[in-house]
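These notes concern the structure reproduced below.
Number of protein chains: 2
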Amino acid sequence: MDVAARVAIFERVPLFAGLTPQDLEVVAREAHEYRLKKDQQPFQQGEPATHHYVIGWGRVRLDQTTPEGQNVILRFMGPGDLLGSVAVLREVPYPATPIAIEDSMLLRWSAGRFAELMQRFPPISLNAIRIVGGRLQDLQDRLRELATQRVERRIASALLRMVRQSGRRVERGVEIPFVISRNELAELTGTTLHTVSRTLSAWEQEGILSGKRSSHLIIAKPHRLVEIAEQA
Amino acid sequence: MDVAARVAIFERVPLFAGLTPQDLEVVAREAHEYRLKKDQQPFQQGEPATHHYVIGWGRVRLDQTTPEGQNVILRFMGPGDLLGSVAVLREVPYPATPIAIEDSMLLRWSAGRFAELMQRFPPISLNAIRIVGGRLQDLQDRLRELATQRVERRIASALLRMVRQSGRRVERGVEIPFVISRNELAELTGTTLHTVSRTLSAWEQEGILSGKRSSHLIIAKPHRLVEIAEQA
DNA sequence: CGTTTCTTTGAGGATATTCAATTTATGTGG
DNA sequence: CCACATAAATTGAATATCCTCAAAGAAACG
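In order, the protein sequence lines correspond to chains A and B.
Residue numbering for the first sequence follows this note's numbering, starting at 16 and increasing by one per position.
Residue numbering for the second sequence follows this note's numbering, starting at 16 and increasing by one per position.
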């Protein structure tokens with residue numbers, strides 16, 4: 016992938032908002048491509064943080080594992096999303112493991128190179144604060160949800176969040192454009208795959224959604240999900 | 016409070032790390048003092064974000080309320096902590112309400128003034144990213160906890176976190192240097208005050224901790240709490 | 001000293017987990 | 001392309017954790 020193609024990607028990356036095409040070219044030239052096949056990981060939770068990553072294309076799931084081996088999904092990430100930067104800047108080990116859920120391409124910079132870029136292009140710092148701040152607020156909302164709401168509502172909210180973030184209109188409703196297993200949904204909402212399965216089965220009965228294993232979920236009645244997510 | 020006194024405070028504020036005493040003086044001169052009595056709030060969740068705050072002295076609890084009126088405590092904050100900045104920089108309404116749990120003094124800057132300071136003193140931006148990033152990681156840990164652990168462990172972890180953050184050695188153990196009610200602990204750990212009460216009662220029986228209403232909690236056996244927090 | 005607020009404790013019940021078994025889908029090697 | 005192996009999903013039954021409801025006790029406040 017040449018520099019021009021990278022610049023084209025970076026034009027839609029929030030981290031680089033406010034940079035001129037010339038600036039982006041500099042940034043792009045310093046980047047290294049990093050390709051991942053499905054299920055591969057660019058780094059692991061606990062490793063020293065050495066690189067900043069931006070997702071060029073593909074999708075990544077961000078996992079955090081407990082000492083006892085239980086797993087939680089922090090978020091799903093897609094093109095333009097930022098990865099690893101907080102750990103690099105805080106000079107702490109990566110706190111989570113990203114796993115490609117599709118073949119993906121990341122662009123990355125070493126800590127030192129990226130520090131130079133941040134110095135040279137001041138908007139990057141401010142963009143970074145906004146991005147990290149946005150994630151902080153997302154997490155605050157999820158924490159509140161997890162603390163106050165029952166499982167069914169949390170699953171509905173999680174699906175709606177994915178619809179809002181990456182949903183695509185299709186004939187029968189809105190589609191979540193990547194495969195997500197019952198287990199992943201459980202790890203995302205703090206419940207068990209059994210409860211997720213029962214809940215989705217019930218919703219399929221009701222015609223709210225459809226989508227079997229390794230096909231994309233299609234939400235036929237998003238308004239019903241909203242009702243469930245908001246019901247007292 | 017004169018500028019020199021403010022500078023003395025700012026020398027220990029992470030947001031201003033790396034600034035010279037002269038820099039701090041500039042920052043201090045631009046600040047406005049904002050005093051709060053117990054239970055007062057500098058701003059409310061949902062209001063447009065207009066100011067950056069730093070806690071000079073005192074303590075603040077950061078609340079997030081659901082549409083239905085349920086409350087969650089995001090964190091307790093003390094001297095040197097940053098308040099409101101993420102919302103100001105993202106140009107979104109404040110996502111939470113800070114409430115003074117003791118008489119407190121905040122120092123604040125308008126969005127515009129602070130933007131100038133950030134431009135003039137580049138370390139501030141980087142410090143801000145580190146601080147917000149740190150909070151993000153704290154929240155990720157709490158989310159994982161809430162998703163995977165049972166109530167007793169969560170309460171133990173919450174107490175230990177407060178001990179680590181603000182604990183003070185006293186004769187009988189370690190003291191949490193501010194009053195915290197059963198209800199607050201419940202809102203901090205995603206449970207009910209009843210369950211917290213039962214749990215603390217049991218721990219008091221065991222001699223793990225002590226401290227009645229409106230006195231400070233004293234943890235006599237922190238190691239036992241660690242065991243509880245880490246037990247499989 | 002009465003009122004308010006916070007805390008404690010009990011009993012009953014609901015939600016969601018755990019355990020267990022089966023069904024269904026996917027992938028692989030012959 | 002089929003048969004088998006593997007992985008994912010479904011569903012039922014039993015159980016546990018924690019919440020809700022209820023009431024009373026203790027501490028703080030004016």
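Just so you know, even glycine gets a beta-carbon here, dropped at the ideal spot from N, CA and C.
Beta-carbon separation (whole angstroms), Ile170 (chain B) vs Val178 (chain B), contact threshold 8 Å: Rounded, the Cβ-Cβ distance is 13 Å, inconsistent with contact.
I need the boundaries of the beta strand (DSSP E) containing Arg74 (chain A), first residue and last residue. Looking at the DSSP string, Arg74 (chain A) is not in any beta strand (DSSP E), and its letter there is neither H nor E.
Would a check of beta-carbon distances place Pro137 (chain A) closer than 9 Å to chain B? yes
Tell me whether the beta-carbon of Leu98 (chain B) lies closer than 9 Å to the beta-carbon of Ile88 (chain B). no
Less than 9 Å between the beta carbons of Met133 (chain A) and Ser140 (chain A), yes or no? yes
Should Thr214 (chain A) go down as buried or exposed, given a rule of 16 or more other Cβ atoms within 10 Å for buried? So Thr214 (chain A) counts as buried.
Could you pull the DSSP bridge partners for Asp78 (chain B) from this structure? B:Ile88 and B:Thr112
Name, going along the chain, the residues of the segment 71-88 of chain A whose beta-carbon falls closer than 7 Å to a beta-carbon of chain B. Gln79, Thr81, Glu83, Gln85 and Val87
Do Ala43 (chain A) and Arg27 (chain A) have their CB atoms nearer than 9 Å? No.
So, is the C-beta of Ala102 (chain B) closer than 9 Å to a C-beta in chain A? yes
Contacting residues, own chain, Cβ-Cβ under 8 Å from Arg128 (chain A) (five flanking each side not counted): Same-chain partners within the cutoff: Glu45.
What residues from chain B crowd round Val147 (chain A), counting only those whose CB sits closer than 7 Å? Ile144, Val147, Gly148 and Leu151
For a cutoff of 9 Å on Cβ pairs, would you count Glu117 (chain B) as touching chain A? no
Thinking C-alpha only, which one of A:Val194, A:Glu245, A:Gln246 and A:Glu167 is nearest Trp218 (chain A)? Cα-wise, what sits closest to Trp218 (chain A) is A:Glu167.
In whole angstroms, what is the alpha-carbon distance linking Ala102 (chain A) and Gly182 (chain A)? 29 Å
Between the C-alpha atoms of Arg90 (chain A) and Glu186 (chain B), what's the straight-line distance to the nearest angstrom? 45 Å
Chain-ordered chain B contacts of Ser140 (chain A) [CB-CB under 9 Å]: Met133, Pro137, Ser140, Leu141, Ala143 and Ile144
Quick one: which chain A residues come within Cβ less than 7 Å of Arg157 (chain B)? Neighbours of Arg157 (chain B) in chain A, taken as residues at a C-beta separation under 7 Å, are given in chain order as Leu158.
For Glu131 (chain A) and Met16 (chain A), the rounded distance between their alpha carbons: 23 Å
Does the Cβ of Gly71 (chain B) lie closer than 8 Å to at least one heavy atom of the ligand FMN? Here there are no bound small molecules, and the ligand FMN is not part of this structure.
Would you identify the three-state DSSP class for Glu48 (chain A), choosing helix, strand or coil? strand
Anticipated Cβ contact below 8 Å, Arg123 (chain A) with His66 (chain A), distance rounded: 5 Å
Does the distance from the C-beta atom of Val189 (chain B) to that of Ile233 (chain B) stay below 9 Å? Yes, the Cβ-Cβ distance between Val189 (chain B) and Ile233 (chain B) is below 9 Å.
Integer-rounded CB distance, given that Ile24 (chain A) should sit under 8 Å from Val75 (chain A): Contact flag wrong, Cβ pair sits at about 15 Å.
Would you mind reading off the limits of the alpha helix (DSSP H) that contains Met177 (chain A)? Val166 to Ser181
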